[in-house]
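In what follows, a structure is listed as structure tokens, so that the remarks can point back to it.
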Amino acid sequence: MSFKDLNNILPLPKYTYETGGNAKWPSIDDSYSFPMDYIEFITKYGIGRIDNFLTLFNPFIDNDDWNFFKQKEWIISDFSELNESDPDYYSFILYPESNGLLPISITDNGDYVFWVVSSANSDLWNIAVIASRSPDVEYHQMNLVSFIEGILSKKIKSMCFPIDFPSSNILFDNSDFKL
């Protein structure tokens, strides 16, 4: 999968916000670099909603609702509480454990997309999806951009996402994120 394939399905926005510009990319907990496909996505698209449904967290945005680092902290805490509250029902392996889930995106329905932190090399991380209020984890053996392209091209079907996603007119909308 190339960005050209993704751009054919998800046109680049006319204006971009929170792309990181020339800023140095932060590390994740001083342990991991962000995967290169994610860096390229944020650099080209910035912050916004994919097809009015899926939003990737962004390390450069100040808004805590979309900031990668704030969301990572809050979501892992929430999922840890679920594990503790009902360990027979919820048994998520969470970052920073080996093969732990590290949140990267949320849908308008409250579904989450995660990286599976399986290696010191973040470019080898795969994707997992958890539907809102579900104990089940759906795994996809691919990087984030390949997952997005696969979902949008309908080559991949996630049981967590509604049947009407993606729409027939896929856009990247960043109008809610203008500074």
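For reference, each letter of the sequence shown is one residue, going 2 to 180 in this note's numbering.
All residues carry an ideal CB built from backbone N, CA and C; glycine is no exception.
{"Item": "With distances taken between CB atoms, is the gap from Ile48 to Asn127 smaller than 8 Å?", "Value": "no"}
{"Item": "Please name the residue in Asp63, Ile107 and Asp31 whose C-alpha comes closest to that of Lys179.", "Value": "Asp63"}
{"Item": "What would DSSP say about Val118, mapped onto helix, strand or coil?", "Value": "strand"}
{"Item": "Do Glu41 and Phe70 have their C-beta atoms within less than 8 Å of each other?", "Value": "no"}
{"Item": "How close, in whole Å, do the beta carbons of Ser123 and Tyr33 come, if the pair is a contact with beta carbons under 8 Å?", "Value": "5 Å"}
{"Item": "Count the other CB atoms, across all protein chains shown, that sit within 10 Å of the CB of Arg197; report buried if there are 16 or more and exposed otherwise.", "Value": "Any property of residue 197 remains undetermined from this structure, which presents the chain solely from 2 to 180."}
{"Item": "Relative to the C-alpha of Asp261, which residue among Lys45, Gln142, Ile152 and Asp66 is closest?", "Value": "Limits of the chain in this structure are 2 at one end and 180 at the other, which puts residue 261 out of reach."}
{"Item": "Keeping to the same chain, check which residues put their C-beta closer than 7 Å to that of Leu7; ignore five residues upstream and five downstream.", "Value": "Val146, Ile149 and Glu150"}
{"Item": "Which residues bound the alpha helix (DSSP H) around Leu103?", "Value": "Leu103 -> not in any alpha helix (DSSP H); beta strand (DSSP E) instead, spanning Gly101 to Thr108."}
{"Item": "Roughly how many angstroms lie between the CA atoms of Ile77 and Leu13, to the nearest whole one?", "Value": "31 Å"}
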